[in-house]
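Protein chains in written order, with the working numbering: chain A, 12 to 274; chain B, 1271 to 1461. A short worksheet on the structure shown next.
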């Protein structure tokens, strides 16, 4: 038994009753003895004043009406993924699927697989962000970054790097085509998300912006026959990144607006 | 460990009252407020809020809980749901107070060790003890000790993983050991 084991015992709440080994360690280790002693002291109980209690109760009871619990996670996840897929497919009414014909089956499968995984990760993260106290497998703040890196690596591995003469013009054309698709996806995504409790508008809006942007990226991956890696990174993935940045700015504005109106 | 069945029973009871709250049972708000407010208030106090601020944060928390009560899913543990909201209210409260520049230094500078009338009294009160910890460690230890949350529940409340919570708790306890030693040595020197 050492100090590390005592830590573990405290964290897992098993210091009472002490095991014989823990007791033996405490007899010889002053630091652990002091720590266990300090933690065994009762934490003073704080009670709100009766006025505060009454005010809170009155406030809650005054506006008490039955509410329907939010839909199960899987329904919300399916809704978010359906929005992503439907918007990407609807964009075919505007764009033709030139890129599918230009890509090899490996490129097609891998890039759309990476986009689907990315969208799935973001949708899963958003589903959890809608409900406070959800269980997270991946920290929600890191998911947008992980998704961006996954897509950058996939694009760099799948497509060749070469120089183009009218690079910036091509980038501008694709961004101009992809952004409206992202904006179109953002509206229904927001309608689903507003049903939840968004505790961190910055984090949620960034993830939502990236998911909406990925709908635009997917539309461009279906349409644009330019297979240069630089072009795809700068314009197709650029649409997703621009949408994520817009989401971040909107989230920041919402968070600060809330603070300004309730000083 | 012997207390666990009682704790589990009371958590199950809270879950049931939360469901009744969603169904607009008029007794539910009173029960939940009286059952949860003391721990929530202690949570805010140990996060370095003064008594007035802590009561304001408590009121804000209940208002927000009321607004988003539909997001509680029956069958899920209620404590992580409550503490996730409380945690966010605390962050907003901190940012708001910084914005209006009133308690600007309250959260950034650690409070000085409280003066003790008897130097032989080496164990500081809980708030003073955890005040010396970094915010993330302080939050985890307060939830463990005051809120009675499990590691899994803290992970849920802090949007984190159980591993990360364990690591913060380990580091926090290591730091507390050193701190307590320095208190003991200071008290020994004063004698």
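Backbone N, C-alpha and C define an ideal beta-carbon position, used for all residues, glycine too.
For residue i, the three-state DSSP class (helix, strand or coil)
i, result
"residue 1346 (chain B)", "coil"
"residue 80 (chain A)", "coil"
"residue 12 (chain A)", "coil"
"residue 1295 (chain B)", "coil"
"residue 1317 (chain B)", "coil"
"residue 1418 (chain B)", "coil"
"residue 1364 (chain B)", "helix"
"residue 209 (chain A)", "coil"
"residue 30 (chain A)", "coil"
"residue 74 (chain A)", "coil"
"residue 147 (chain A)", "coil"
"residue 219 (chain A)", "helix"
Cutoff 8 Å: residue i Cβ touching any chain A Cβ
i, result
"residue 1294 (chain B)", "yes"
"residue 1351 (chain B)", "yes"
"residue 1325 (chain B)", "yes"
"residue 1307 (chain B)", "yes"
"residue 1429 (chain B)", "yes"
"residue 1403 (chain B)", "no"
"residue 1332 (chain B)", "yes"
"residue 1407 (chain B)", "no"
"residue 1329 (chain B)", "yes"
"residue 1300 (chain B)", "yes"
"residue 1398 (chain B)", "no"
"residue 1424 (chain B)", "no"
"residue 1439 (chain B)", "yes"
"residue 1454 (chain B)", "yes"
"residue 1284 (chain B)", "no"
"residue 1360 (chain B)", "no"
"residue 1419 (chain B)", "no"
Spatial distance of residue i from residue j (CA atoms)
i, j, result
"residue 1445 (chain B)", "residue 1355 (chain B)", "28 Å"
"residue 160 (chain A)", "residue 266 (chain A)", "27 Å"
"residue 1345 (chain B)", "residue 130 (chain A)", "28 Å"
"residue 66 (chain A)", "residue 1296 (chain B)", "15 Å"
"residue 1323 (chain B)", "residue 1357 (chain B)", "14 Å"
"residue 1367 (chain B)", "residue 200 (chain A)", "33 Å"
"residue 1408 (chain B)", "residue 181 (chain A)", "52 Å"
"residue 208 (chain A)", "residue 176 (chain A)", "48 Å"
"residue 1283 (chain B)", "residue 92 (chain A)", "36 Å"
"residue 104 (chain A)", "residue 1316 (chain B)", "58 Å"
"residue 49 (chain A)", "residue 152 (chain A)", "35 Å"
"residue 1412 (chain B)", "residue 1397 (chain B)", "9 Å"
"residue 233 (chain A)", "residue 146 (chain A)", "35 Å"
"residue 3 (chain A)", "residue 1365 (chain B)", "This structure leaves residue 3 (chain A) out entirely; chain A is present only between 12 and 274."
Cβ of residue i within 8 Å of any chain B Cβ
i, result
"residue 205 (chain A)", "no"
"residue 42 (chain A)", "yes"
"residue 88 (chain A)", "no"
"residue 210 (chain A)", "yes"
"residue 138 (chain A)", "no"
"residue 49 (chain A)", "yes"
"residue 85 (chain A)", "no"
"residue 78 (chain A)", "yes"
"residue 150 (chain A)", "yes"
"residue 63 (chain A)", "yes"
Short Cβ contact (8 Å threshold) for residue i with residue j
i, j, result
"residue 94 (chain A)", "residue 196 (chain A)", "yes"
"residue 1442 (chain B)", "residue 1403 (chain B)", "yes"
"residue 228 (chain A)", "residue 262 (chain A)", "no"
"residue 1268 (chain B)", "residue 15 (chain A)", "As shown, chain B starts at 1271 and ends at 1461. That puts residue 1268 (chain B) outside it, with no answer to give."
"residue 1363 (chain B)", "residue 1327 (chain B)", "yes"
"residue 169 (chain A)", "residue 121 (chain A)", "yes"
"residue 1343 (chain B)", "residue 80 (chain A)", "yes"
"residue 1349 (chain B)", "residue 1414 (chain B)", "no"
"residue 22 (chain A)", "residue 1310 (chain B)", "no"
"residue 1417 (chain B)", "residue 1314 (chain B)", "no"
"residue 126 (chain A)", "residue 221 (chain A)", "no"
"residue 154 (chain A)", "residue 218 (chain A)", "yes"
Own chain, CB closer than 7 Å to residue i, minus 5 neighbours either side, in chain order
i, result
"residue 230 (chain A)", "99, 102, 106, 189 and 192"
"residue 226 (chain A)", "95, 98, 99, 192, 193 and 196"
"residue 1352 (chain B)", "1306 and 1335"
"residue 1299 (chain B)", "1291"
"residue 1303 (chain B)", "1332"
"residue 236 (chain A)", "109, 110 and 113"
"residue 1339 (chain B)", "1291 and 1292"
"residue 158 (chain A)", "129, 132, 133 and 221"
Neighbourhood of residue i by C-beta, 8 Å cutoff - its chain only, sequence neighbours within 5 removed
i, result
"residue 1410 (chain B)", "1424, 1428, 1435, 1438, 1439 and 1442"
"residue 167 (chain A)", "240 and 244"
"residue 119 (chain A)", "111"
"residue 150 (chain A)", "none"
6 Å Cβ shell around residue i - same chain, five flanking residues per side excluded
i, result
"residue 1330 (chain B)", "1359"
"residue 32 (chain A)", "12"
"residue 242 (chain A)", "181"
"residue 1387 (chain B)", "Reliability fails at residue 1387 (chain B), whose pLDDT of 43 lies under 50, so the model's placement of it is uncertain and no value is given."
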